[in-house]
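Participant: All residue numbers for the sequence shown refer to this note's numbering, where the first residue is 162 and numbers rise by one.
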Amino acid sequence: MKITPKILLVMIFWMTVITGAIFSINAALDIPDEITGPVFFLSIGMTISSTINYYR
162 MKITPKILLV
172 MIFWMTVITG
182 AIFSINAALD
192 IPDEITGPVF
202 FLSIGMTISS
212 TINYYR
């Protein structure tokens, strides 16, 4: 599968949305970094996987 500029832009958009949501929740609830780090890592992975699978 070839990653086109459209797919790349969609991935970047959703990674930005997810990152903003995680940072907002972290700032509001003061969640420890031991929890925020893995959640951030997993959510970025799910975003990339979902985008690639959607455009397959």
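Every residue gets a Cβ at the ideal spot worked out from N, C-alpha and C, and that includes glycine.
Here the structure is a predicted model, which means the values were calculated and not measured.
1. Would you be able to state if there are at least three C-beta pairs under 8 angstroms between the stretch 204-212 and the stretch 168-185?
2. In this structure, does DSSP put T212 in helix, strand or coil?
3. Buried or exposed for T177, please, with buried defined as at least 16 other CB atoms from any protein chain shown within 10 angstroms of its CB.
4. Would you mind working out which of K163, M162, K167, T197 sits nearest G181, comparing C-alpha positions?
5. What three-state label does DSSP hand T197 in the structure shown?
Facilitator: Judging by the given coordinates:
1. As far as the Cβ criterion goes, the stretch 168-185 touches the stretch 204-212, which means the pair count is three or higher.
2. Shown here, T212 sits in a helix according to DSSP, grouped into three states.
3. exposed
4. Among K163, M162, K167, T197, the Cα nearest to that of G181 belongs to T197.
5. helix
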